[in-house]
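Peer 1: Same order as they appear, the protein sequences are chains F and P. Be aware that the first sequence starts at 1, since it is given in the numbering used here, and climbs by one per residue. Be aware that the second sequence starts at 200, since it is given in the numbering used here, and climbs by one per residue. Below is a structure I'd like to ask you about.
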Amino acid sequence: MRKYAISDSQLMSQYTNGNEEAFATLVDRHKKKIYTTIYLIVKDQYLAEDLMQEVFVKVVNTVKTGRYNEEGKFLPWVTRIAHNLAIDNFRKAKRYPTVVMEDGSSVFNTLEFSEDSIESKRIKEDTHALLRDLIKELPDAQREVLMMRHYMQMSFQEIADATGVSINTALGRMRYALINLRKKMDKKNVAYDKNLYPK
Amino acid sequence: MLRMIKTFTQNDLVRYIYKETTAEENAEIELAMLFDEKLTDEFAELESVVESLDLAQKSPSERLVDTILSYSKSYHLHSVD
Numbered sequence: 001m002r003k004y005a006i007s008d009s010q011l012m013s014q015y016t017n018g019n020e021e022a023f024a025t026l027v028d029r030h031k032k033k034i035y036t037t038i039y040l041i042v043k044d045q046y047l048a049e050d051l052m053q054e055v056f057v058k059v060v061n062t063v064k065t066g067r068y069n070e071e072g073k074f075l076p077w078v079t080r081i082a083h084n085l086a087i088d089n090f091r092k093a094k095r096y097p098t099v100v101m102e103d104g105s106s107v108f109n110t111l112e113f114s115e116d117s118i119e120s121k122r123i124k125e126d127t128h129a130l131l132r133d134l135i136k137e138l139p140d141a142q143r144e145v146l147m148m149r150h151y152m153q154m155s156f157q158e159i160a161d162a163t164g165v166s167i168n169t170a171l172g173r174m175r176y177a178l179i180n181l182r183k184k185m186d187k188k189n190v191a192y193d194k195n196l197y198p199k
Numbered sequence: 200m201l202r203m204i205k206t207f208t209q210n211d212l213v214r215y216i217y218k219e220t221t222a223e224e225n226a227e228i229e230l231a232m233l234f235d236e237k238l239t240d241e242f243a244e245l246e247s248v249v250e251s252l253d254l255a256q257k258s259p260s261e262r263l264v265d266t267i268l269s270y271s272k273s274y275h276l277h278s279v280d
């Protein structure tokens, strides 16, 4: 985790005092983590953008109305809002009536398939996108811990408490998630060269 | 007297990579890695995946970022108190 010259809490303090540049710095610093958290749940870039906008409307409203609790850390707070909104959206989407095709399959499966095949052409050229796809393929429990720890920056103890398992189980799930990703990356020949893909 | 080198598990390595180990544990893990090639390999493997996760993050569009910043800047113009 990177150390910044000005911490998030200092920037938030400046933002609560009306410094918009401080807010711009925070957004720029964390936009990828927040967006990726949403994207990995909803798996649609347009929907992910809509939800990210909704997240920041909540953030801005909270700060501008003086309701921001300075005790919390900025990124875990925002990613939790993002995670909850994305999960709510996912659950609502699951409640939509399913149109069944003649062969018994869902019309949404067909649509999803055709979207995927268009998308897959682009994905093949994009190593980063491929890794995100591999994350989506992980078993739910492993993907959940990985997202909570890596993108939402919750501690393993917080994850254990939130998911009702022991800290060792949470750690084990994270370890399996990382090992599984490594295997999948090897299988697909996903190789990251830090010189080619600087942070 | 020879110092005993503690045994560490992959779960400990995960905590170490995510900076959830104490300063004392860090020193012990780093010492253990000097003598345990398997542990060092496991660390390198896990850490490389963690680095990849950072590299694989996706960016929202610039248009969205501009919309968010504009919303904040003009909040008092459009808010209804």
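Ideal Cβ positions, reconstructed from N, Cα and C, are used throughout, including at glycine.
Would you kindly report the start and end of the unbroken alpha helix (DSSP H) that includes Arg262(P)?
Peer 2: Counting along the chain, the alpha helix (DSSP H) containing Arg262(P) begins and ends at 261-272.
Peer 1: Going by beta-carbon coordinates alone, are Leu85(F) and Ile135(F) separated by less than 8 Å?
Peer 2: For Leu85(F) and Ile135(F), no; Cβs fall outside 8 Å.
Peer 1: Helix, strand or coil for Ile228(P), going by three-state DSSP, please let me know.
Peer 2: Looking at Ile228(P) - three-state DSSP - the assignment turns out to be helix.
Peer 1: My guess is that Ile159(F) and Val145(F) are in contact by the Cβ rule of under 8 Å, so how many angstroms apart are they, rounded?
Peer 2: Confirmed, Cβ separation roughly 6 Å.
Peer 1: In whole angstroms, what is the alpha-carbon distance linking Lys218(P) and Tyr270(P)?
Peer 2: Each residue's Cα considered, the two are about 36 Å apart.
Peer 1: Compute the Euclidean distance between the alpha carbons of Thr79(F) and Thr169(F), then round it to the nearest angstrom.
Peer 2: The straight-line gap from Cα to Cα measures roughly 23 Å.
Peer 1: If we cut at 8 Å on Cβ distances, does Leu245(P) have a partner in chain F?
Peer 2: Yes, its Cβ sits closer than 8 Å to a Cβ of chain F.
Peer 1: I want to verify the contact list: residues of chain F whose CB lies under 8 Å from the CB of Ser258(P), in sequence order.
Peer 2: Those are Lys31, Lys32, Tyr35, listed as they occur along chain F.
Peer 1: Given this structure, state the Cα-to-Cα distance separating Leu138(F) from Thr65(F), to the nearest angstrom.
Peer 2: Answer to the nearest angstrom: the Cα atoms are 40 Å apart.
Peer 1: What are the residues in the segment 153-167 of chain F lying within 7 Å of chain P by C-beta distance?
Peer 2: If the cut-off is 7 Å between Cβ atoms, the segment 153-167 of chain F has Ser155, Phe156 near chain P.
Peer 1: Listed in chain order, which residues of the segment 262-275 of chain P have Cβ atoms closer than 9 Å to some Cβ of chain F?
Peer 2: Residues Arg262, Leu263, Val264, Thr266, Ile267, Leu268, Tyr270, Ser271, Lys272, Tyr274, His275.
Peer 1: Which residues in chain F have a C-beta closer than 7 Å to the C-beta of Ala255(P)? List them in chain order.
Peer 2: Per Cβ cutoff of 7 Å: His128, Leu131, Arg132.
Peer 1: So what's Ala5(F) in DSSP terms, helix, strand or just coil?
Peer 2: Correct three-state label for Ala5(F): coil.
Peer 1: For Tyr217(P) and chain F, any beta-carbon pair shorter than 8 Å?
Peer 2: Answer yes: the Cβ-Cβ gap between Tyr217(P) and chain F drops below 8 Å somewhere.
Peer 1: Closest Cβ-Cβ distance between Asn210(P) and chain F: below 8 Å?
Peer 2: Yes, Asn210(P) counts as interfacial toward chain F.
Peer 1: To which residues of the same chain is Ile87(F) closer than 7 Å at the C-beta, ignoring the five residues directly before and after it?
Peer 2: Answer for Ile87(F): Ile41, listed in chain order.
Peer 1: Can you give me the Cβ contacts of Lys184(F) inside the same chain, cut-off strictly under 6 Å, excluding the 5 residues immediately before and after it?
Peer 2: Once the five neighbours on either side are set aside, the close Cβ partners of Lys184(F) are Leu134.
Peer 1: By DSSP, does Gly172(F) sit in helix, in strand, or in coil?
Peer 2: Of the three classes helix, strand and coil, the one that applies to Gly172(F) here is helix, per DSSP.
Peer 1: Can you tell me whether Phe207(P) is helix, strand or coil according to DSSP?
Peer 2: DSSP places Phe207(P) in coil when its eight states are reduced to three.
Peer 1: What span of residues does the alpha helix (DSSP H) with Lys33(F) cover, start to end?
Peer 2: Taken as a continuous stretch (DSSP letters only), the alpha helix (DSSP H) holding Lys33(F) covers 20-42.
Peer 1: Assign Lys33(F) to buried or exposed, taking buried as 16 or more other Cβ atoms, counted over all protein chains shown, within 10 Å of its Cβ.
Peer 2: Looking at its Cβ environment, which holds 16 or more other Cβ atoms inside 10 Å, Lys33(F) is buried.
Peer 1: Within 10 angstroms of its Cβ, does Glu223(P) collect 16 or more other Cβ (buried), or is it exposed?
Peer 2: Exposed, by the Cβ-count rule.
Peer 1: How many Å lie between Trp77(F) and Tyr176(F) at the Cα?
Peer 2: Looking at the two C-alpha atoms, the distance is approximately 26 Å.
Peer 1: Write down the C-beta distance between Leu238(P) and Phe207(P) rounded to the nearest angstrom, noting that I regard them as a contact closer than 8 Å.
Peer 2: Right, the Cβ-Cβ distance comes to about 6 Å (below 8 Å), so this counts as a contact.
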